[in-house]
Every structure is written in structure tokens, then in C-alpha cells.
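**Q** FYI, the numbering for the sequence shown is 524 to 927, going by our numbering.
From the three backbone atoms N, C-alpha and C, an ideal C-beta is built for every residue, glycine too.
Bear in mind the structure is a predicted one, so any value in this text is a computation, not a measurement.
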Amino acid sequence: MPTNTDVYFHKSVSLRFGKQNLDFRTSQQLFSAHDIDAGTQFLLRTILEAEYPPFKRILDIGCGYGPLGLTLKSLYPASLVHLFDRDALAIEYSRQNAELNGLAGLEIYGSLGYDDVRRKDFDLIISNIPDHAGETIITYLLREARYYLAPGGIVAIVIVTPLADTVVKILAETPGAEIVLKRNRSGHAVFHYRFSDIKTPPIPPKSAFERGVYYRNSIKIRLDNLEYTMQTAYGLPEFDSLSYGSEMLVKALEDIRGKKINNAIVFNPGQGHIAVALWKYLQPQTITLVDRDLLALRYSQLNLNLNGCPPERVNVLHQIALDFISKEKANFIIGTLREEESKDAASLLLDNASDLLTDKGIILISAGSTAITRLVDYVESQGLIRIKARERRRGYSLLALERG
């Protein structure tokens, strides 16, 4: 993503820490866009003050735009630092900020929790754990660090103060876990802890996703002539019912039931409702799921499979927007705009979708009515694609577009 055309960019912020001065590009759609979070700075300070021996391998869990992992890389230049996040936008900004600060010897990638972590011998694992993570996810992150930690290694986390007792309870109930430092300040609590393991234990044979760490419930959806069953995840919307915007998309799919679709793209699939409805009504030859959120992609893929879509028909792209090259163009693209999507980001997504579309191909987009009105204005000003229809319902709108 070229920085001079970055529609997600918000501002640049600086961090002076120890003898290091770092600059960070931030996005409004990532945590702590206006300044470096106080909890992050508090955690870094406790690590430096603890005077641990220099770390050789560091893992940053949920890296955001990179303030923890990149700062530690600047403090320990000989270290190998891995940064991961489930959000592709966070990965992109961490990469930008590594380059901005001239930092090398880093691996920055997408992972759902520890499921996709590339090695298991870190001597420091760090995280600023989100206050909305929930006790199940916090327990998983704290306990399963042991599978990726070298013997004698340290886990250092910061969390909001109201969740400090939860962390104490989890660690007290975790065999072999020992808190070596606990501090409170300005609404945050920091914990440093280690495990008594003589050697790193083997990773569980099933991933956290396969073990249901993110699982919320199973639901049955009945909507007009459509019926399907879903597994839903914590941390994703539409876990018990569809939004009005999604209902409008499902109705639009029903109206074209039986239409021949070779290649379909579903963007921002969430739990997978629209992808499943697409499969039930139209059964495309291929369905490509595109989302920033790795959890959404994994659950959408799972729910497609649970509803009879063969795995070989599903492609998954963990990335921002629809900026990719496909061997075959799509004749059907469908999805919802994120609520926080800016006008420029929505316009970019539409440009990308138009580039991927065959002649006579269709795009269906749902969003709040204000966002759709802006898209209509953009389409009319560009004249690259034809508006077929627009529908409104309770503050939501559906926009149907056709190429050619």
C-alpha cells in the first residue's frame, strides 16, 4: 500500500523511549490512533527497568501498528522479533513502520492467536491485551504462551486495571506459572510471569480454532425460503441474527436464484451469513472470501463447509480491500462496508471491485444509507459502472451495480 495514496492513514506519532526515537504511522481503524497508548508505554518501561539479559527472540501478540515489537527491536537490535495480528491492516502498518524506522530482522504476519506462529522458542512474549478480549481468550493467551516460550523465558502483558484480578486468578490456576512482577498505574496493570517448564512442552495437536476457543454458539437461521445452520464466534457481529443490511443482501440473492455464477467474491464476510446464502442460492464454481480479519475468514470458510460447499471451491484472502490480481475475473461480487470505513476507503474498494468484474458482472453492496449515498455520488462522477438499483430499509441501503 503506497503511503502517498493510503486511504487508511490518520496521522504520525512519535515515541521517545530510552535512547530511541521512533515514528509511527497510524490508522483511525487501529487501536490508539492518536498517540502511543499509556499501557504500551508502561509495559515497555517495566521491561527496561527489570534489567533482563538481552532478549534474542521476541513475540508481539496483536501488534497493531507496531509500537511494542518495533520499540523492543530498536532496544535489542540483535534480536529476532516476530509481530503478528489477526487484522491485515495492522500487519500493513507494522510493516510500514518497520521500514519507516529502518528496522530489519523482523517477521510480521497474520495469525489467529498462536495458531499461525512460526516458531516456538521465544524468550520474551509481549502483549497489550484488549479490554474486550473476554476471559476465554485472555485465558488462552496467558496459558498457551508456554508452548512458544523458551525455558526461563518471560511473558510480559499489560491490561486495563478492571481485568487485573482476572489475570491473577487465571495465572494462579495455571500449573507452573509464576508471577515475577506486578505493577499498577494509570488504569493499567502489568504482569511479568514465567513457567517452571524445564523444556518447552509440545504444542497441542489441534489449533485453538479447531478446539473452539473462539466458538460462541450454534444458530439456525430461517429467512423467507432460506434455512441454514451456523457456528458463530466471539468478536464478530451477527452472532444471533442478521443485520438489516445483510437481510437486504440475502433478499437480493433470492431474487436472482439460479443465475449462473462462475467466480464470486465475498468481501467482509463476518460470520459467513452472506457467503452461505450465496452458496445456497447460486452455488458458484468458486467463492473467494476477502477480509482484513482472519477470524472472520476462518469462520466464514467453516460455515460454508458446514453448509455443503466443497472446500476446493473456496479461496481465502487475508488482506485489505480487494486489491489483488485474479487469474479469472469475477462475475459476482457481494459484501458489506465496515461501519468505520471512510469515504475514500469505500471508493477504493469499489474501484478494486470494478477492476475485478467481468462484463455484465454484478456488484451488491450494503451499508448505512449515508455511506451508500456517498458511493452513488462517486459512481455517478466516475461513470465506470452502471447503477442498477438502490433499496433502503431502516437506515440501511443496498446498492446494485453492473459493468457494461
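#1: Pairs of beta-carbons, one from the segment 546–566 and one from the segment 584–593, closer than 8 Å: are there three or more?
#2: Would you report the Cα separation of I680 and P760, rounded to the nearest angstrom?
#3: Run through DSSP, which three-state label would P525 get?
#4: Secondary structure at P685, three-state DSSP: helix, strand or coil?
#5: Just the C-alpha distance for S769 and E750, rounded to the nearest angstrom, thanks.
#6: Taking the C-alpha atoms as reference points, what is the distance between G625 and P577?
#7: If you drop the 5 nearest sequence neighbours on each side, which residues of the same chain put their C-beta closer than 6 Å to that of C832?
#8: So within the segment 532–601, which uninterrupted alpha helix (DSSP H) runs reach at least 4 residues, ignoring any that extend past its ends?
#9: Helix, strand or coil, according to DSSP, for L765 in the structure here?
#10: Please report the straight-line C-alpha distance between P525 and P600, rounded to a whole angstrom.
#11: Cβ of G793 within 7 Å of any heavy atom in the ligand SAH?
#12: Since I believe A890 is in contact with S920 (beta carbons under 8 Å), could you give me their beta-carbon distance rounded to a whole number of angstroms?
#13: Pull up the CB-CB distance for L694 and L672, whole angstroms please, since I reckon it's below 8 Å.
#14: Can you list the alpha helix (DSSP H) stretches of 4 or more residues lying completely in the segment 751–820, in chain order?
#15: For V678, which residues does DSSP report across the bridge?
#16: Taking the straight line between their C-alpha atoms, what separation do you get for D929 and I742?
#17: Taking the straight line between their C-alpha atoms, what separation do you get for L623 and S617?
#18: How long is the line joining the alpha carbons of T569 and S650, rounded to whole angstroms?
#19: Are there 16 or more other CB atoms within 10 angstroms of the CB of R548, so buried, or fewer, so exposed?
#20: Quick check on S870: buried or exposed, where buried means 16 or more other Cβ atoms within 10 Å of its Cβ?
#21: Between K722 and I702, what straight-line distance do the alpha-carbon atoms span, to the nearest angstrom?
**A** In short, the structure shows the following:
#1: yes
#2: 27 Å
#3: The predicted position of P525 is uncertain, since its pLDDT is 40 and thus under 50; a value taken from the coordinates is nonetheless stated next. Coil, per DSSP.
#4: helix
#5: 15 Å
#6: 20 Å
#7: W802
#8: 561–572, 590–598
#9: coil
#10: Confidence at P525 is low in this model, with a pLDDT of 40, below 50, so its placement is unreliable and no value can be given for it.
#11: No copy of the ligand SAH occurs in the structure displayed, which carries no ligand at all.
#12: 7 Å
#13: So it is not a contact: roughly 14 Å between Cβ atoms.
#14: 767–778, 796–805
#15: I648, Y716
#16: Residue 929 lies beyond the stretch modelled for the chain, which goes from 524 to 927, so this question has no answer here.
#17: 10 Å
#18: 13 Å
#19: buried
#20: buried
#21: 19 Å
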